[in-house]
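For the sequence shown, my numbering begins at 745 and goes up steadily by one.
Virtual Cβ for every residue (Gly too), placed ideally from N, Cα, C.
No experiment lies behind these values; they were computed from the predicted model shown.
Notes to accompany the following structure.
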Amino acid sequence: MPTLETTVDGLRLPNPFVIASGPPGTNGNVIGKAFDEGWGAVVCKTISLEAEKVVNVQPRYARLRGRKSDEIIGWENIELISDRSFEVWAEELKAVKDKYPERVLIASIMEEYRQEAWVEIVQRCEELGVDALELNFSCPHGLPERKMGSAMGEDPAILEEVASWVNAVATVPVWAKLTPNVTHIEDPARAAFRAGCEGVSAINTIRSVLGVNLDTLRPEPTVEGYTTVGGYSSRAVMPIALRMVLEIGQVIRDEFAGRSLSGIGGIETGSDAAQFLLLGADTVQVCTGVMKYGYRLVQSMCEDLLVFMEKHGFETLSDFKGHSVQYFTTHAELVQRQAEARAEVGKRGIQDDAQWRGDDFVDQSDALARG
Ligand SMILES: Cc1cc2nc3c(=O)[nH]c(=O)nc-3n(C[C@H](O)[C@H](O)[C@H](O)COP(=O)(O)O)c2cc1C
745 MPTLETTVDG
755 LRLPNPFVIA
765 SGPPGTNGNV
775 IGKAFDEGWG
785 AVVCKTISLE
795 AEKVVNVQPR
805 YARLRGRKSD
815 EIIGWENIEL
825 ISDRSFEVWA
835 EELKAVKDKY
845 PERVLIASIM
855 EEYRQEAWVE
865 IVQRCEELGV
875 DALELNFSCP
885 HGLPERKMGS
895 AMGEDPAILE
905 EVASWVNAVA
915 TVPVWAKLTP
925 NVTHIEDPAR
935 AAFRAGCEGV
945 SAINTIRSVL
955 GVNLDTLRPE
965 PTVEGYTTVG
975 GYSSRAVMPI
985 ALRMVLEIGQ
995 VIRDEFAGRS
1005 LSGIGGIETG
1015 SDAAQFLLLG
1025 ADTVQVCTGV
1035 MKYGYRLVQS
1045 MCEDLLVFME
1055 KHGFETLSDF
1065 KGHSVQYFTT
1075 HAELVQRQAE
1085 ARAEVGKRGI
1095 QDDAQWRGDD
1105 FVDQSDALAR
1115 G
């Protein structure tokens, strides 16, 4: 019987399914619900020391549905980090840790570009007993107006400096959460590892405009008739997230062996998760999927992943972590491989009807067939 248990950066998880920072980890009550339903770990909604500066609007989500079915395939949000005070969070995180001492609780944190602020929030979070820290260098809307979030994550030099401040004082594992709104995701990943982060999480949301209402001519989500550019998540982003996980995985293998990678973006099933693991992720995180389907989703995800592992005879996650990376190559090599394969088929195959032979008739037919 395969097992989903895994140990990442010394953190022992019953399964690789982690609640991503966002509404599904927005207070102690829902974090407890996530543990009760069986999530492997929880990253709380991003917290900061000055919550009074965080003012949210409504509506703050807009959804893209398929043309032929009602399924939600894309989700844009303009939600900020948590607007609840650090003191309230401190009580709740401590209570959660007291109630679930064996479960992994990760604090997502964000501050302005001031060393004292980052040092203070790291130390205060560690006093609460959190198991790890995730540095939010990636929220693409609202916070960048205060030079926070993706304003830091888009600049590898600033990311490295801030992550170094954190790593100089942190005693628990530190993950840097990266923004996909960059040309080469390898650059911020390297900066995070150079700064001493144990792992990176990717991706946060992709800068987006969900659409324009053709009756009102106003873009969505409309707040008092106006909007702001938001962050895109859900199923539609998975191919982009997979590509970035592949690229970060290559950086880890080539330059930072042993560092960890948490894949995020559009994951809703165990099969989705298997693909992130096959491309090099250690864990996977889910945000919008929980908003669409609820906390119980983790149960079908675990079952689905176990079925995949049984089918292939994999006993542990490490049996297949990164397995499919070997099948990526350059376009030039694809051309070469195809030329070789065609030459091989040509030897057996039919170039013109005079070449049909009675002895290998079945093989010759087979070489011309698909399926
Ligand atoms: C409504 C909403 C709020 C979010 N808030 C945060 C946040 O506070 N901190 C953070 O690091 N990521 C936040 N995210 C990003 C998610 O954690 C995740 O990186 C992204 O949505 C992609 O994953 P998904 O497709 O599973 O949602 C938020 C996403 C959504 C949809």
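- Buried is the label assigned to V910, since at least 16 other Cβ atoms lie within 10 Å of its Cβ.
- The region 817-832 makes contact with the region 965-975, as at least three CB pairs between them are under 8 Å.
- Look at I1008: its beta carbon is less than 7 Å from one of the heavy atoms in ligand 1.
- Separation of the CB atoms of N759 and G784 is rounded to 4 Å, and the pair is thereby assigned contact status at 8 Å.
- Classified as exposed, P983 has fewer than 16 neighbouring CB atoms from the shown chains inside 10 Å of its CB.
- Three or more Cβ pairs closer than 8 Å define a contact, and the region 904-923 meets that threshold against the region 865-883.
- The residue among R858, A901, T971 with its C-alpha nearest the C-alpha of A939 is A901.
- In the three-state DSSP reduction, Q1019 falls in the helix class (H, G or I).
- As summarised for the region 755-818, the continuous alpha helix (DSSP H) elements at least 4 residues long and confined to that stretch are 772-781, given in chain order.
- Restricting attention to I1094, G974, A946, the CA atom closest to the CA of G1024 is found in A946.
- In the three-state reduction of the DSSP assignment, Y857 falls in the coil class, being assigned neither a helical nor a strand state.
- Placement of the Cβ of P767 at a distance of less than 7 Å from at least one heavy atom of ligand 1 is found.
- For L1041 and G1102, the gap between their C-alpha atoms comes out near 58 Å.
- Looking from the CA of T1027, the closest CA among Q1070, Y1037, G1009 belongs to G1009.
- Relative to M745, the option among E1054, E855, G1014, R828 whose CA is nearest is E1054.
- Under the three-state reduction of DSSP, Y1039 is assigned to coil, being neither helix nor strand.
- The Cβ atoms of A778 and V787 lie no closer than 8 Å to each other.
- When C-beta atoms of the region 801-820 are compared with those of the region 928-944, fewer than three pairs fall below 8 Å, so the two segments do not count as touching.
- For K843, the enclosing alpha helix (DSSP H) has its first and last residue at 830-843.
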